[in-house]
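Peer 1:
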Amino acid sequence: MRCILGFWIFLIWLETVVLSVFCYTEIKPSINCSFLANYSGCERKTFPESLHPNVDCIDLSGNMLTYVNKIEGLDNLFYMDLSSNILKTVDNGAFASLRKLEYLDISNNEHLGLAVLPNVTNGLNQTNIKVLKVDQISCPGGRSNILQRHHLSYLDNTSLLELSIATNRIETLEPCVLSRLPKSIKRLSIARNRLIAAAYVLEYHSLVNVEVINASLRNSPFPFLRTISGCKENLDILKNDTVYHPALYRNRWKIRYMRYTLFQRARDSHLLSSSSDDLFLYDAFVSYTSKDRDFVIKDMIQKLEQDNGVQLLIRDRSFIPGEFKCQQIVRSIQESRKTICVVSKRYLKSAWRDYELNMARVEGVEVRKSMRYVILILLPEVCSGGYPKKISDFLKRDCFIEYPDDPAGYEEFWQRLCSALQENVQD
């Protein structure tokens, strides 16, 4: 399968990625139970007390349950549906004693919140859990959530095949959330959230057996098709899903830029809306790798700030701890008259520096109306090895200065850089 967005490219085993906005009816799992306790829609307020010990399926969806105590004595239970109640509390390890439990659904209980996940998942490693659905357990409105490591840490040693955590206002994931999920997972749904591009996307490679990832704006993906004949029969669905992908891929950086810009405009009324020099807080935002930090901190601050009065925005001293990195990058680019990229071989391989470079490119093309808003400093190791395609458009417009490998050329280099910072951004 050809992957859709850049960060999916290393998922060579992935068979389906859902990124469209079309909606399809969710397919309910087939239940082959011999002893079903069906309480669906009965307006029950409490969990049934005297269930027959041979019950293997319980459907308590659509009731008025507010809490779930620890459930015991149902040694044959493999299916439990607690969705669409008004649950507010779940006891810690409530499902731990259900040794044969395979399917658990607590979706559509908006009063629970993500904080209840440790209580729900604690002890599931002692069960036979295969499917866990915790969709919309957070209120639809309000601030965005962060999916944290401890929320799902108890799933480590399970044999989980499908995890659905859709519609929970999740904006990002803490590091190691995905990498610590069980390697057995084949289907993962994080649909209808508020996901932003962040470092968590680099952890998808840890899901070595994943077949379907639903990261779309719809509730559930179409059925996974394992045969060519199945694909032909469902060609209309596949066509709708793929027709927009080339456009999304071509404009992916513009889409990300516009998303953060809209977010910041809603949050910060003082966000810059003009390119007038008087409105910029900094003369230049500096993009660089940690390897080149000394060059920035020592040489650039000395030559530009102290000697020439240029005000630089440098992430190591200006970024705010605790604020999302993606948002700070876009805001820094918008608040600066120019963007300087210190380009080394490591820079060209860095995902975060690629993000900064592309956000600056979009800012130049869409807002400043000029690529010369960006200045590339090409270090000698880049100049001697041939120029990569990702910076070719800047090179064609002469938006670069080569850093000399001979100290005799240093003075001329800094003079050229100061002149480039002072010139108007016009192609």
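Take the sequence shown: its position 217, counting from 1, is numbered 202 in the numbering used here, and each next residue is one higher.
Here a beta-carbon is modelled for each residue, glycine too, at the ideal position from N, C-alpha and C.
So, does the segment 70 to 90 touch the segment 48 to 56, judging by three or more C-beta pairs under 8 Å?
Peer 2: Cβ pair count under 8 Å is three or more, so yes.
Peer 1: Three-state secondary structure (DSSP) at residue 413?
Peer 2: The requested residue 413 is not part of the displayed model; the chain covers only -14 to 412.
Peer 1: Is it buried or exposed, residue 369, if we count other Cβ atoms within 10 angstroms and call 16 or more buried?
Peer 2: Residue 369 should be labelled exposed.
Peer 1: Do residue 282 and residue 301 count as a contact pair if the criterion is CB distance below 9 Å?
Peer 2: Going by C-beta atoms, residue 301 is nearer than 9 Å to residue 282.
Peer 1: Is the distance from the Cβ of residue 316 to the Cβ of residue 272 below 9 Å?
Peer 2: Cβ atoms of residue 316 and residue 272: not closer than 9 Å.
Peer 1: According to DSSP, is residue 314 helix, strand or coil?
Peer 2: Looking at residue 314 - three-state DSSP - the assignment turns out to be helix.
Peer 1: Residues in the same chain with beta-carbon distance under 7 Å from residue 260, minus the five sequence neighbours each way, listed in chain order, please.
Peer 2: Summary for residue 260: the model assigns pLDDT 47, below 50, so the residue's position carries little reliability; its value from the coordinates is reported in the next sentence. Hits under 7 Å: 352 and 353.
Peer 1: Quick one: grab the DSSP three-state call for residue 183.
Peer 2: Here residue 183 sits in coil by DSSP.
Peer 1: If you run the structure through DSSP and keep just helix, strand and coil, what is residue 81?
Peer 2: Three-state result, residue 81: coil.
Peer 1: Strictly by DSSP, which residues pair up with residue 66?
Peer 2: 44 and 90.
Peer 1: Thinking C-beta only, is residue 389 closer than 9 Å to residue 398?
Peer 2: Yes. Within cutoff.
Peer 1: Would residue 341 be called buried (16 or more neighbouring beta carbons within 10 Å of its own) or exposed?
Peer 2: Classification for residue 341: buried.
Peer 1: Give the DSSP bridge partners of residue 420, in chain order.
Peer 2: Missing from the structure shown is residue 420; the chain here goes from -14 to 412 and no further.
Peer 1: Tell me the rounded alpha-carbon separation between residue 24 and residue 77.
Peer 2: Those two C-alpha atoms are separated by around 24 Å.
Peer 1: Throw me the rounded Cβ distance for the residue 360 and residue 330 pair, which I believe falls under 8 Å.
Peer 2: At roughly 19 Å, the Cβ-Cβ gap does not stay under 8 Å, so residue 360 and residue 330 are not in contact.
Peer 1: List the DSSP bridge partners of residue 323.
Peer 2: Paired residue(s): 269.
Peer 1: Give the DSSP-derived three-state secondary structure of residue 282 in the structure shown.
Peer 2: The answer is helix: DSSP assigns residue 282 an H, G or I state.
Peer 1: Are the CB atoms of residue 321 and residue 270 within a distance shorter than 9 Å?
Peer 2: Yes, the pair counts as a contact, with Cβ atoms nearer than the cut-off.
Peer 1: Which word fits residue 371, buried or exposed, when buried means at least 16 other C-beta atoms lie within 10 angstroms of its C-beta?
Peer 2: Residue 371 should be labelled exposed.
Peer 1: Closest to residue 268 by CA distance: which of 312, 405, 119 and 130 is it?
Peer 2: Looking at the Cα atoms, 405 is the closest of the given residues.
Peer 1: Tell me whether the beta-carbon of residue 110 lies closer than 9 Å to the beta-carbon of residue 139.
Peer 2: Yes.
Peer 1: Whose C-beta lies closer than 6 Å to the C-beta of residue 67 among residues of the same chain, with five residues either side of it excluded?
Peer 2: These residues qualify, in order along the chain: 45 and 91.
Peer 1: Determine whether the beta carbon atoms of residue 144 and residue 122 lie at a separation below 9 Å.
Peer 2: Not in contact: residue 144 and residue 122 (Cβ atoms no closer than 9 Å).
Peer 1: Do you know offhand how far residue 133's Cα is from residue 332's?
Peer 2: Residue 133 and residue 332: Cα-Cα distance of roughly 29 Å.
Peer 1: Can you give the Cα-Cα distance for residue 403 and residue 289, rounded to whole angstroms?
Peer 2: Roughly 7 Å separates the two Cα atoms.
Peer 1: Span of the beta strand (DSSP E) holding residue 367?
Peer 2: That residue, residue 367, is in no beta strand (DSSP E); its alpha helix (DSSP H) goes 365 to 368.
Peer 1: On the CB-based measure, 16 or more other CB atoms within 10 Å of its CB, does residue 193 come out buried or exposed?
Peer 2: Counting Cβ neighbours within 10 Å, residue 193 comes out exposed, since fewer than 16 surround it.
Peer 1: Looking only at C-alpha atoms, which of 98, 294, 168 and 182 sits nearest to residue 196?
Peer 2: Nearest C-alpha to residue 196: 168.
Peer 1: What number of angstroms, rounded off, separates the C-alpha of residue 161 from the C-alpha of residue 400?
Peer 2: C-alpha separation (whole angstroms): 45 Å.
Peer 1: Hey, residue 191 and residue 163 are a contact pair by Cβ (cut 8 Å); roughly how many whole angstroms apart?
Peer 2: Yes, they are in contact, since the Cβ atoms of residue 191 and residue 163 sit about 6 Å apart, within 8 Å.
Peer 1: Compute the Euclidean distance between the alpha carbons of residue 153 and residue 384, then round it to the nearest angstrom.
Peer 2: Approximately 43 Å, taken between the alpha carbons.
Peer 1: If I follow the unbroken beta strand (DSSP E) through residue 116, where does it start and stop?
Peer 2: 116 to 118 is the extent of the beta strand (DSSP E) around residue 116.
Peer 1: Measure the C-alpha to C-alpha separation of residue 158 and residue 35 and round it to an integer number of angstroms.
Peer 2: Spanning the two alpha carbons is a distance of roughly 41 Å.
Peer 1: Comparing C-alpha positions only, which one of 358, 365 and 112 sits nearest to residue 409?
Peer 2: Considering only alpha carbons, the answer is 358.
Peer 1: Relative to the alpha-carbon of residue 170, which residue among 142, 183 and 37 has its alpha-carbon at the smallest distance?
Peer 2: Answer by Cα proximity: 142.
Peer 1: If we call anything under 9 Å between Cβ atoms a contact, is residue 313 one with residue 305?
Peer 2: Their beta carbons are under 9 Å apart, which means residue 313 touches residue 305 by this criterion.
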